[in-house]
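Per the numbering used here, numbering through the sequence shown is continuous, rising by one, with the last residue being 223.
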Amino acid sequence: MIKQMFLSLILITMLLTGCTTAVQNDAQAPPADVVTETQPETEGPATQAAPQPFPDEVMAAIQAEMDKLTGGELPPGMVVWIDAPPYHFAGASGLANLTDETPMSPEGAFRIGSITKMFTAAVIMQLVEDGVLTLDDPLALWLPEVAEQLPYGDQITVRHLLTHTSGLFNVVEHEMYYADLFTAMVVDEATGNVTLDCVERDPNDTLARYVYGKEAQFEPGTQ
């Protein structure tokens, strides 16, 4: 699991695009001959009120702005969630599918793209807090088979990967990256709609195709 996470971290680093768990021992009952004081009960935290919708005029203004954005060429559809306790907004605008004109819904699913970085970084920091690894661990400690094929592979650390200072080759600058990613482009001349079929690749395959053998952009940690 950790190896797969580090592979993902390497890739999102090249694309350039903390929680603490408290562990407590189970409480043991005191011996029968020990008298314990009974503490007065205290009230628990108040139940959080259920979120309520924004005032009508605010929701109308948000929806109007969304419709204005999706009414142009891009984006064709969007979902907006706003949490501002005690208020909550979940709305959608535009289309989820241009071919059959399926309307977007607040539950619509999207490719999260570079937001992957946030999740990966959060998990890394959780592992740091749990003592599983440190930010200054060398990449070679966790992925020696990858590090040995990278320039400065013995110097790159977890910190370098998280802060985009590893100097690794930028995948999107590879001449074949987009040619491989977008394997088919279909343009509907009548509507102007463009359909792209994206290719899903294994991280190991991506490294082999676009990164291994490429020179570093700079020495790790120098930029």
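Glycine residues also receive a C-beta, built at the ideal position from the N, C-alpha and C atoms.
query, result
"DSSP state of P55 mapped onto helix, strand, coil", "coil"
"Boundaries (first-last residue) of the alpha helix (DSSP H) holding D83", "Careful: D83 lies outside any alpha helix (DSSP H), inside the beta strand (DSSP E) at 77 to 84."
"For L168, the three-state DSSP class (helix, strand or coil)", "coil"
"Where the beta strand (DSSP E) containing L95 begins and where it ends", "87 to 97"
"Short CB-CB distance (under 8 Å) between A49 and chain C", "No chain C is part of this structure, which consists of one protein chain only."
"Exposure label - F218; buried when at least 16 CB within 10 Å", "exposed"
"DSSP state of V123 mapped onto helix, strand, coil", "helix"
"First and last residue of the uninterrupted alpha helix (DSSP H) at D188", "Premise fails: D188 is in no alpha helix (DSSP H) and is neither H nor E."
"Assigned exposure category for F110 - 16 Cβ within 10 Å defines buried", "exposed"
"Rounded C-alpha distance that separates T36 from E129", "Because the pLDDT of T36 is 41, which lies under 50, any placement of that residue in the model is unreliable, and the number read from its coordinates should be weighed accordingly. Roughly 36 Å separates the two Cα atoms."
"7 Å Cβ shell around K68 - same chain, five flanking residues per side excluded", "none"
"Residue(s) in a DSSP beta bridge with P138", "T157"
"Contacts around G131, its chain only, beta-carbon distance under 6 Å, and the 5 residues preceding and following it disregarded", "none"
"Beta-carbon proximity list for L95, same chain, < 7 Å, skipping 5 on both sides", "P76, G77, E101, T102, P103, M104"
"Cβ neighbour criterion (16 or more within 10 Å) applied to A92", "buried"
"L207: first and last residue of the uninterrupted alpha helix (DSSP H) it sits in", "203 to 210"
"DSSP three-state assignment for T102, whether helix, strand or coil", "strand"
"Cβ-Cβ distance between V79 and P106 below 8 Å", "yes"
"For A50 and D202, the rounded distance between their alpha carbons", "42 Å"
"Residue burial classification, L150 (beta-carbon count within 10 angstroms, cutoff 16)", "buried"
"Reduced DSSP secondary structure (H/G/I, E/B, other) of T116", "helix"
"8 Å Cβ shell around Q63 - same chain, five flanking residues per side excluded", "G91, S93"
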